[in-house]
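**Student:** First the structure, which I've put down as structure tokens, then a few questions once you've had a look.
Numbering (UniProt numbering), first residue to last: 1 to 443.
Take a look at the structure:
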């Protein structure tokens, strides 16, 4: 006998009704906050289940014309969800906030013993900076809230040495730490100046960025550390690494000085030999000295090259690519600037002089063969300049095992539909790709 549609719905409702609240909450927690809240209209039983969800991942707010609109979003969405939450614990809190709600978000996450905390500051004015130091009392009063913490990401916050030490010493389960610093010119004593991590039992990933006053970083006996990212740190920052046997990934952004070059010079060769993934964003000045280093186990190299209208000696990156003897994947992204003089702290026109001098000194330099394992190359932001084409040609001719070449044109990144530039790029690469076994993709 065929069941009616009405009976089917009743049976479906009965089966769902047999599930425990814990299971239903687990299901709802996998929905977005908007979707989870919408379940409250299903029945009386479902009315408050969404207030027990364990994952609070607020989507990044969009389409706001100003700070007032964002404040309304925080007041009407973020605060309302946090105030109505009835669960004893949450797994994760990820939220965009501002000064007024930062304390509240942090205290909520610690009280609920969150495993993941990601608080992103969206302030834009001079008084927007989140002063983590003002929250030390919260951390002292709620030490239990840190015992479960595995991932912590704080964006656009003021952090000093005391804050950093307090966080690490009380977060022994912490595996991932990301700090994006901000600073107030009137509070020099609140800058992060000296980072010292010794013997932390769990830390695997460390990311520090925009720490303009950072003077030193010491990482010792952190046996589980896998990756380190240092983006835009202070010129002259001293880095000491020792006894980090699982360290294989290094990310570095530098615009003003040959910081990475100095970093590699001070880095013990045994640690340099551990590296398997190297991510560098730089102008061409620091790259010219990389030939003195060897990276025998780097399998993936990611380069973001800051280009300009001055003559670009792109071939200066050849020694770096050649030094990675086990390289399997190479990714190069070109980012164009009007001039690198100001970015590199040089007088106007000085960059052009240096480029010409380098071109004279390195003319006719014989390059080594690339890694025989290099099979995949990706070039992003291709604009069709002579420098870019020369670098692409060099890679194609010297990568004997190349199987796949992906090129993303600059106009594609700008979401412009310029078929002329696209066709020029296609012509360029069809001219230099001579081996039929290379799979070529152009976007």
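Beta carbons: idealized from backbone N, C-alpha and C, even for Gly.
Does the beta-carbon of residue 84 have 16 or more other beta-carbons within 10 angstroms, so that it is buried, or is it exposed?
**Tutor:** The count along the chain shown starts at 1 and reaches residue 84 at position 84. Burial call: exposed.
**Student:** Which ranges would you report for the beta strand (DSSP E) in the segment 69-103 if only whole runs of at least 3 residues count?
**Tutor:** With a minimum length of 3 residues, the continuous beta strand (DSSP E) runs that stay inside the segment 69-103 are 92-97.
**Student:** In or out: residue 388 buried (at least 16 other Cβ within 10 Å) or exposed?
**Tutor:** Here residue 388 is taken as the residue at index 388 of the chain shown, counted from 1. Answer is buried; the Cβ neighbour count reaches 16.
**Student:** So which of 22, 293, 92 and 390 has the shortest CA-CA distance to residue 58?
**Tutor:** As a working note, residue 58 is residue 58 in the chain shown. Checked all of 22, 293, 92 and 390; the closest Cα to residue 58 is 92.
**Student:** Looking at residue 420 and residue 397, is the spacing between their C-beta atoms short of 9 Å?
**Tutor:** What you label residue 397 is simply residue 397 of the chain shown in a count that begins at 1. What you label residue 420 is simply residue 420 of the chain shown in a count that begins at 1. In this structure, residue 420 does not lie closer than 9 Å to residue 397 by Cβ.
**Student:** Can you tell me which of the three DSSP states residue 122 falls into?
**Tutor:** For the purposes of this step, residue 122 is taken as the residue at position 122 of the chain shown. Residue state, collapsed to three classes: coil.
**Student:** On the DSSP letters alone, give me the boundaries of the alpha helix (DSSP H) that residue 392 sits inside.
**Tutor:** By one-based count along the chain shown, residue 392 stands at place 392. Its alpha helix (DSSP H) spans residues 386-398.
**Student:** Which same chain residues, not among the five before or five after residue 228, have their C-beta less than 6 Å away from its C-beta?
**Tutor:** For the purposes of this step, residue 228 is taken as residue 228 along the chain shown, with counting starting at 1. Same-chain partners within the cutoff: 206 and 250.
**Student:** Have a look at residue 210 and residue 277 and give me their C-alpha separation to the nearest angstrom.
**Tutor:** Against the chain shown, residue 210 aligns to sequence position 210. Against the chain shown, residue 277 aligns to sequence position 277. Approximately 22 Å between the Cα atoms of the pair.
**Student:** Is it buried or exposed, residue 45, if we count other Cβ atoms within 10 angstroms and call 16 or more buried?
**Tutor:** Numbered from 1 along the chain shown, position 45 holds the residue referred to as residue 45. Per the 10 Å Cβ criterion, exposed.
**Student:** Between the C-alpha atoms of residue 268 and residue 242, what's the straight-line distance to the nearest angstrom?
**Tutor:** Here residue 268 corresponds to residue number 268 of the chain shown, with the count starting at 1. Here residue 242 corresponds to residue number 242 of the chain shown, with the count starting at 1. The alpha-carbon atoms of residue 268 and residue 242 are separated by roughly 8 Å.
**Student:** Excluding the 5 residues flanking residue 426 on each side, which residues of the same chain have their C-beta closer than 8 Å to its C-beta?
**Tutor:** Within the chain shown, numbered from 1, the residue matching residue 426 stands at position 426. Result list for residue 426: 442, in chain order.
**Student:** Does the structure place the segment 325-334 close enough to the segment 367-384 that three or more beta carbon pairs sit under 8 Å?
**Tutor:** Short answer: they touch.
**Student:** Would you call the CB atoms of residue 150 and residue 107 closer than 9 Å?
**Tutor:** What you label residue 150 is simply residue 150 of the chain shown in a count that begins at 1. What you label residue 107 is simply residue 107 of the chain shown in a count that begins at 1. No. Outside cutoff.
**Student:** How is residue 57 classed by DSSP in three states: helix, strand or coil?
**Tutor:** Against the chain shown, residue 57 aligns to sequence position 57. Three-state result, residue 57: strand.
**Student:** Should residue 105 go down as buried or exposed, given a rule of 16 or more other Cβ atoms within 10 Å for buried?
**Tutor:** The residue you call residue 105 lines up with position 105 of the chain shown. Residue 105 is buried by the Cβ-count criterion.
**Student:** Could you please give me the residues that DSSP links to residue 336 through a beta bridge?
**Tutor:** In the chain shown, counting from the first residue as 1, residue 336 sits at position 336. Paired residues: 307.
**Student:** According to DSSP, simplified to helix, strand and coil, what is residue 20?
**Tutor:** For the purposes of this step, residue 20 is identified with residue 20 of the chain shown, where counting begins at 1. If DSSP states are grouped into helix, strand and coil, residue 20 belongs with coil.
**Student:** Could you give the DSSP three-state label for residue 220: helix, strand or coil?
**Tutor:** The residue labelled residue 220 in the question sits at position 220 within the chain shown. The answer is strand: DSSP assigns residue 220 an E or B state.
**Student:** Could you compute how far the alpha carbon of residue 174 sits from the alpha carbon of residue 270?
**Tutor:** Looking up residue 174 in the chain shown gives position 174. Looking up residue 270 in the chain shown gives position 270. Roughly 26 Å between the two C-alpha positions.
**Student:** Just how far apart, CA to CA, sit residue 422 and residue 280?
**Tutor:** Against the chain shown, residue 422 aligns to sequence position 422. Against the chain shown, residue 280 aligns to sequence position 280. Each residue's alpha carbon lies about 27 Å from the other.
**Student:** Between residue 178 and the rest of its own chain, which residues show a CB-CB distance below 6 Å, the 5 nearest in sequence each way excluded?
**Tutor:** As a position in the chain shown, residue 178 is number 178, starting the count at 1. These residues qualify, in order along the chain: 153 and 207.
**Student:** Residues in the same chain with beta-carbon distance under 6 Å from residue 428, minus the five sequence neighbours each way, listed in chain order, please.
**Tutor:** One-based indexing of the chain shown puts residue 428 at position 428. Closer than 6 Å at Cβ, skipping near neighbours: 389.
**Student:** Alpha carbons only, please: which of 328, 282, 201 and 324 is nearest the one belonging to residue 306?
**Tutor:** Start at 1 with the first residue of the chain shown, and residue 306 comes out as number 306. Cα-wise, what sits closest to residue 306 is 282.
**Student:** Are the beta-carbon atoms of residue 237 and residue 218 separated by less than 9 Å?
**Tutor:** For the purposes of this step, residue 237 is identified with residue 237 of the chain shown, where counting begins at 1. For the purposes of this step, residue 218 is identified with residue 218 of the chain shown, where counting begins at 1. The answer is no: Cβ separation not under 9 Å.
**Student:** Between the C-alpha atoms of residue 161 and residue 194, what's the straight-line distance to the nearest angstrom?
**Tutor:** The sequence position of residue 161 within the chain shown is 161, counting from 1. The sequence position of residue 194 within the chain shown is 194, counting from 1. Answer to the nearest angstrom: the Cα atoms are 6 Å apart.
**Student:** Could you check the C-alpha separation between residue 196 and residue 233 for me, to the nearest Å?
**Tutor:** The residue labelled residue 196 in the question sits at position 196 within the chain shown. The residue labelled residue 233 in the question sits at position 233 within the chain shown. Those two C-alpha atoms are separated by around 15 Å.
**Student:** Among the candidates 22, 181, 369 and 274, whose CA atom is the shortest distance from the CA of residue 319?
**Tutor:** Counting from one through the chain shown, the residue named residue 319 turns up at place 319. The residue with the shortest Cα to Cα distance from residue 319 is 369.
**Student:** Taking all protein chains shown into account, decide if residue 112 is buried (16 or more other Cβ within 10 angstroms of its Cβ) or exposed.
**Tutor:** One-based indexing of the chain shown puts residue 112 at position 112. The residue is buried, with at least 16 neighbouring Cβ atoms inside 10 Å.
**Student:** Take residue 212 as the anchor and find which of 190, 79, 223 and 202 has the nearest alpha-carbon.
**Tutor:** Numbered from its first residue, the chain shown carries residue 212 at position 212. The residue with the shortest Cα to Cα distance from residue 212 is 190.
**Student:** Can you tell me where the alpha helix (DSSP H) with residue 238 in it begins and where it stops?
**Tutor:** By 1-based counting over the chain shown, the position of residue 238 is 238. That residue, residue 238, is in no alpha helix (DSSP H); its beta strand (DSSP E) goes 238-242.
**Student:** Skipping 5 residues on each side, what residues in its chain have a beta carbon closer than 6 Å to that of residue 253?
**Tutor:** Against the chain shown, residue 253 aligns to sequence position 253. 231, 232 and 281.
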